[in-house]
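A.B. asks: Supplied in structure tokens, the structure appears directly below.
In my numbering, the protein residues as written are 84 to 595.
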């Protein structure tokens with residue numbers, strides 16, 4: 084009996100199919116909705132990044148530093164970093180929200196089935212008992228389809244807003260990935276700094292020990308005193324005391340790198356090396372401004388602005404009548420054996436329209452809220468472009484000035500090394516006082532440490548430039564900022580294009 088209940092005759096299925104086909108509009112498709120700006124960022128179509136997948140972020144710019152270990156850590160970070168993994172999970176969530184937003188574009192189909200049995204009292208009779216009960220039963224199988232005609236394009240606009248929001252989430256993922264790679268690179272260079280400082284401290288300890296031995300020899304010769312020895316011993320002791328702190332920094336940087344790579348500290352081995360062994364990528368002059376348009380944070384701001392424009396179109400469409408088609412087909416019988424007979428078929432088709440007249444100003448408030456949201460996102464978008472320009476300019480300045488600083492610091496170290504060599508020789512000859520010796524040592528130690536920091540700052544500036552350009556020099560843009568800004572004016576409720584690079588803020592024009 085259960086099997087019979089879930090079967091339908093060919094005639095019943097044909098009738099249900101005809102009823103569903105009647106719901107689809109023949110000559111009045113959804114109205115076209117302008118989704119807003121379609122700049123170079125959105126030109127990387129959503130269809131190219133399949134649902135549930137994160138966009139590809141390469142480590143090409145990290146490899147330019149010439150460190151295989153750093154490049155390997157960068158690959159591990161893309162695969163295992165927890166922030167990147169969370170950003171990828173947000174993509175899946177955004178895709179699901181996009182599907183929810185687009186569901187209204189399709190017919191809704193529901194099947195139903197039921198069986199009932201009822202008992203009701205009969206008429207009063209003389210025989211016992213006084214009431215004779217009557218029984219009834221009913222069996223039915225049904226198929227109901229509904230479709231909302233998107234005559235004004237409201238559902239299409241909402242679906243477009245969901246699609247653009249999902250695209251913005253993908254660009255957020257790229258931002259997180261690039262930021263993580265930049266942090267990983269800086270942490271690796273900081274590790275090399277710590278290794279260099281430990282190495283220099285040990286070299287300076289050896290140098291200070293040799294000078295201490297020379298001073299003791301002068302004490303024995305009567306050309307120095309116990310104070311001279313004590314002062315040099317103090318320098319040696321200070322150098323030795325600095326080593327544990329530097330080694331602590333070194334071990335902690337290894338742990339930081341492990342976390343950024345998504346691994347436990349005990350399972351990660353980082354060899355490191357020397358900071359001067361890292362290659363310095365060449366920064367070409369005249370970087371094209373359209374590279375800024377490939378920054379994922381600008382792309383995300385653009386996508387959210389376009390989504391807000393689509394929401395304005397949807398809010399406007401809510402003022403107009405809504406049309407719905409409903410089709411229902413069912414099989415009904417009081418006997419289960421007759422349920423699948425053609426005579427049991429019942430079908431109906433209905434159309435309805437709803438025109439909002441007074442909603443307590445809800446629709447007006449929703450439209451104004453969406454306009455305000457659009458203006459907020461426009462300001463955020465304009466700010467992201469200005470921030471990007473400032474980031475690149477600041478990074479270029481830092482690259483140039485840090486290079487100059489490293490050159491000057493290199494000269495200081497060379498001069499300090501010549502001075503310490505001359506001082507050691509004169510110390511052996513007994514023609515230099517200890518105060519001059521102590522000052523010369525301190526100058527060398529400080530100069531070497533400053534050179535290491537200058538080298539690190541230069542590498543850090545290059546990393547910042549890579550990050551400011553959205554991941555490297557070779558990414559090609561698709562238009563100038565002025566053209567990109569002009570496209571914003573074509574968003575629903577957009578503003579007229581301004582002569583400046585960034586469009587002037589204004590409330591979206593138009594109304595319901």
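Built from N, CA and C at the ideal position, the CB exists for glycine as well. Since this is a predicted model, take the numbers as computed values, not measurements.
Check this for me: beta carbons of residue 401 and residue 449, under 8 Å apart or not?
C.D. replies: As a first step, residue 401 is located in the chain shown; it is residue number 318 there, counting from the start. As a first step, residue 449 is located in the chain shown; it is residue number 366 there, counting from the start. Yes.
A.B. asks: Do three or more CB pairs link the stretch 355–365 to the stretch 302–319 at distances below 8 Å?
C.D. replies: At 8 Å Cβ cutoff, the stretches do not touch.
A.B. asks: Taking the Cβ atom as the reference point for each residue, do residue 191 and residue 245 lie within a distance shorter than 8 Å?
C.D. replies: Counting from 1 along the chain shown, the entry for residue 191 is found at position 108. Counting from 1 along the chain shown, the entry for residue 245 is found at position 162. Going by C-beta atoms, residue 191 is not nearer than 8 Å to residue 245.
A.B. asks: So, helix, strand or coil for residue 440, using DSSP?
C.D. replies: Here residue 440 refers to the residue found at position 357 of the chain shown. Reduced to three states, the DSSP call for residue 440 is coil.
A.B. asks: Looking at the strands, I want to know which residues DSSP matches up with residue 268.
C.D. replies: What you label residue 268 is simply residue 185 of the chain shown in a count that begins at 1. None; residue 268 has no bridge partner.
A.B. asks: Report the residue from 519, 503 and 542 whose alpha carbon sits nearest the alpha carbon of residue 527.
C.D. replies: What you label residue 527 is simply residue 444 of the chain shown in a count that begins at 1. Selected option, being the one with the closest Cα: 503.
A.B. asks: Sorted by chain position, which residues of the same chain lie with C-beta nearer than 7 Å to residue 398's C-beta, five sequence neighbours on each side aside?
C.D. replies: By one-based count along the chain shown, residue 398 stands at place 315. Within the same chain, residue 398 has close Cβ partners 449, 450 and 453.
A.B. asks: Please report the Cβ distance between residue 295 and residue 319, rounded to the nearest whole angstrom; I am assuming they are in contact, meaning their Cβ atoms lie under 8 Å.
C.D. replies: Here residue 295 refers to the residue found at position 212 of the chain shown. Here residue 319 refers to the residue found at position 236 of the chain shown. Correct: roughly 6 Å between the Cβ atoms.
A.B. asks: Residue 415 and residue 430: beta carbons closer than 8 Å?
C.D. replies: Along the chain shown, read from residue 1 onward, the residue named residue 415 stands at position 332. Along the chain shown, read from residue 1 onward, the residue named residue 430 stands at position 347. No, the pair does not count as a contact, with Cβ atoms beyond the cut-off.
A.B. asks: Quick one: residues in its chain with C-beta nearer than 8 Å to the C-beta of residue 525, no 5 flanking neighbours on either side, listed in chain order?
C.D. replies: Mapped onto the chain shown, residue 525 falls at position 442. Around residue 525: 318.
A.B. asks: Among residues of its own chain, excluding the 5 on either side of residue 153, which ones have a beta-carbon nearer than 7 Å to its beta-carbon?
C.D. replies: Counted from its first residue, the chain shown places residue 153 at position 70. Here the set comprises 145, 268 and 271.
A.B. asks: From 265, 172 and 409, pick the residue whose C-alpha is nearest to that of residue 542; which is it?
C.D. replies: The residue labelled residue 542 in the question sits at position 459 within the chain shown. That would be 265, whose Cα lies nearest to the Cα of residue 542.
A.B. asks: To the nearest angstrom, how far is it from the Cα of residue 530 to the Cα of residue 150?
C.D. replies: As a working mapping, residue 530 is identified with position 447 in the chain shown. As a working mapping, residue 150 is identified with position 67 in the chain shown. One C-alpha to the other measures close to 26 Å.
A.B. asks: Could you give the first and the last residue of the continuous beta strand (DSSP E) run that contains residue 407?
C.D. replies: Here residue 407 refers to the residue found at position 324 of the chain shown. 405–416 is the span of the beta strand (DSSP E), which, as asked, contains residue 407.
A.B. asks: With which residues is residue 433 paired in a DSSP beta bridge?
C.D. replies: The residue given as residue 433 occupies position 350 in the chain shown. Its beta-bridge partners are 409.
A.B. asks: Hey, could you find the ends of the alpha helix (DSSP H) residue 195 is sitting in?
C.D. replies: As a working note, residue 195 is residue 112 in the chain shown. Counting along the chain, residue 195 falls outside any alpha helix (DSSP H), though it belongs to the beta strand (DSSP E) covering 191–203.
A.B. asks: Go through its chain and collect everything with a Cβ distance to residue 446's Cβ below 7 Å, but skip five positions before and after it.
C.D. replies: Mapped onto the chain shown, residue 446 falls at position 363. Excluding positions up to five away in sequence, the list reads 401, 402 and 439.
A.B. asks: Report the residue from 310, 236, 261 and 250 whose alpha carbon sits nearest the alpha carbon of residue 521.
C.D. replies: In the chain shown, counting from the first residue as 1, residue 521 sits at position 438. Of 310, 236, 261 and 250, the residue nearest in Cα terms is 310.
A.B. asks: Quick one: grab the DSSP three-state call for residue 333.
C.D. replies: For this step, residue 333 is matched to residue 250 along the chain shown. Residue 333: helix per DSSP, three-state reduction.
A.B. asks: Between which residues of its own chain and residue 177 is the CB-CB distance below 7 Å, once the five residues before and five after are set aside?
C.D. replies: Locating residue 177 in the chain shown gives position 94, counting from the first residue. The answer, listed in chain order, is 248, 249 and 252.
A.B. asks: Report the start-end ranges of each beta strand (DSSP E) in the stretch 162–191 that is 3 residues or longer and not cut off at the edges.
C.D. replies: Taking only runs of at least 3 residues, no beta strand (DSSP E) segment lies wholly in the stretch 162–191.
A.B. asks: Going by CA-CA distance only, name the one from 349, 262, 492 and 455 that's closest to residue 337.
C.D. replies: The sequence position of residue 337 within the chain shown is 254, counting from 1. The residue with the shortest Cα to Cα distance from residue 337 is 349.
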